[in-house]
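Engineer: Residue numbers (UniProt numbering): 1 to 238.
(1) Is the CB-CB distance between residue 52 and residue 197 below 9 Å?
(2) Among 160, 148, 220, which residue has its Cα nearest to the Cα of residue 233?
(3) Measuring CA to CA, which of 231, 78, 160 is closest to residue 200?
(4) Contact defined as beta carbons within less than 8 Å: I believe residue 173 pairs with residue 28. What is the distance between those atoms, to the nearest angstrom?
(5) Which residue or residues does DSSP assign as beta-bridge partners of residue 231?
(6) Since residue 54 and residue 224 are thought to touch, with beta carbons under 8 Å apart, how far apart are those beta carbons, to the nearest angstrom?
(7) Of the residues 158, 63, 132, which one's Cα is nearest the Cα of residue 20?
(8) Restricting to runs no shorter than 4 residues, where is the alpha helix (DSSP H) found entirely within the region 55-133?
(9) Counting Cβ pairs closer than 8 Å, one from the region 208-219 and one from the region 65-72, do we hit at least three?
(10) Per DSSP, what are the beta-bridge partners of residue 41 in this structure?
(11) Looking at the structure shown, is residue 160 part of a helix, part of a strand, or coil, going by DSSP?
(12) Just reading off the beta strand (DSSP E) that residue 175 is part of, what are its end residues?
(13) Buried or exposed: where does residue 178 fall if 16 or more other Cβ atoms within 10 Å of its Cβ makes it buried?
(14) Looking at the strands, I want to know which residues DSSP matches up with residue 36.
(15) Could you have a look at residue 166 and say whether DSSP puts it in helix, strand or coil?
(16) Please tell me whether residue 166 and residue 134 are closer than 9 Å, where the distance is taken between their beta carbons.
(17) Given this structure, state the Cα-to-Cα distance separating residue 99 from residue 137, to the nearest angstrom.
(18) Have a look at residue 267 and residue 214 and give me their C-alpha separation to the nearest angstrom.
(19) Could you work out which residue in 31, 106, 184, 127 is closest to residue 115 when comparing CA atoms only?
(20) Would you call residue 156 buried or exposed, if buried means 16 or more other Cβ atoms sit within 10 Å of its Cβ?
(21) With the cut-off set at 9 Å, would you say residue 26 and residue 57 are in Cβ contact?
(22) Beta-carbon separation of residue 102 and residue 130 under 9 Å?
(23) Where does the unbroken beta strand (DSSP E) through residue 200 begin, and where does it stop?
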C-alpha cells in the first residue's frame, strides 16, 4: 500500500467514513421500501434503475474460477449483468475481462485494490484508485467504464465528486444478500428473490469461495424471469 503523506487521511477521516458506512445501511433499507429506488445523480449514487427492469451487479472479480462459472450461468439463463472489476485483478486476468465483454455484459470500475474504508482515503489516493482502474480496464478491452461502485459501498462527498469528475456514474444497490459472507444458499435465494422492478441486486464473483452465489443464482434468475422481470444495465435501461 502506498504510504506517502498524500495517500494517508487524517484519523478523523476514518471515523467519518465508518459513520457514512452505517448511515448507508439505513438509506438502502429505505430505498428497498420505495416504490421506485432513486436513480442517482452527481451528488448521490444510484440505488435503482429507471423503468421496469432489474439490474444484477457482480463485484470483486475477475476470478479465475468463479467468473467463468458465473458467465456460464448467465449465458444459460440469457441474463445480462454488470461486473464491477478490481484493477489489480484485471491486470492479472485480462482474458476474463475480454470474455465478460464479448458475452455482452457491462463492466464497471470497483477501484484498483479495494481499500476499506474507501471514503477515508486522502483525495490523491482516492483519485488514483479510480483512475488507475480505468487505465487497466481500457488496456484489457479497449474501452473505458462509465460506471463506478465504491468498495463496500463506502460513499462520501469526495468519493462522489471524484467519480463525477472522472466521468463515471456512481452505482450502489438495493438488495444485498451478503453472499460474500457465505451465509448459505437458501438465505441468498431468499434475499435475492425479494428483488423487484427498479432495483439493483448485489452479488460477488471474487474475494473467496462463491459456490453458494452461483448455486443460488441458478434458482433466483429463472424465478425473477418467471415474474416478468427483465435484466438491464444501470444507466442505460437496456
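Built from N, CA and C at the ideal position, the CB exists for glycine as well.
Everything numeric in this text was worked out from a predicted model, so none of it was measured.
Structural biologist: By the coordinates alone:
(1) Yes, the Cβ-Cβ distance between residue 52 and residue 197 is below 9 Å.
(2) When 160, 148, 220 are compared, the shortest CA-CA separation from residue 233 is found for 148.
(3) 231 is the residue among 231, 78, 160 whose C-alpha sits nearest the C-alpha of residue 200.
(4) Yes, residue 173 and residue 28 are in contact; Cβ-Cβ is about 7 Å, under 8 Å.
(5) Within the DSSP bridge table, the entry for residue 231 names 54 as partners.
(6) That belief holds up - the Cβ atoms of residue 54 and residue 224 are roughly 7 Å apart, short of 8 Å.
(7) Distances from the alpha-carbon of residue 20 to those of 158, 63, 132 put 158 closest.
(8) Secondary structure remark: continuous alpha helix (DSSP H) runs of at least 4 residues inside the region 55-133, in chain order: 66-77, 87-92, 94-102.
(9) Note that the region 208-219 touches the region 65-72; at least 3 beta-carbon pairs, one per stretch, sit closer than 8 Å.
(10) As DSSP reads the structure, residue 41 sits in a beta bridge with 44.
(11) In the three-state reduction of the DSSP assignment, residue 160 falls in the helix class.
(12) Taken as a continuous stretch (DSSP letters only), residue 175 belongs to no beta strand (DSSP E), as it is neither H nor E.
(13) Exposed is the call here.
(14) Answer is none; residue 36 lacks a bridge partner.
(15) Three-state result, residue 166: coil.
(16) Judged by their CB atoms, residue 166 and residue 134 are nearer to each other than the 9 Å cut-off.
(17) Distance between the alpha carbons of residue 99 and residue 137 is about 13 Å.
(18) Residue 267 lies beyond the stretch modelled for the chain, which goes from 1 to 238, so this question has no answer here.
(19) Looking only at 31, 106, 184, 127, the smallest Cα-Cα distance to residue 115 is reached by 127.
(20) Here residue 156 is buried, its C-beta having at least 16 other C-beta atoms within 10 Å.
(21) No, these two residues do not count as a Cβ contact at 9 Å.
(22) Between residue 102 and residue 130, the C-beta spacing is not below 9 Å.
(23) Run containing residue 200: 200-204, per the beta strand (DSSP E) assignment.
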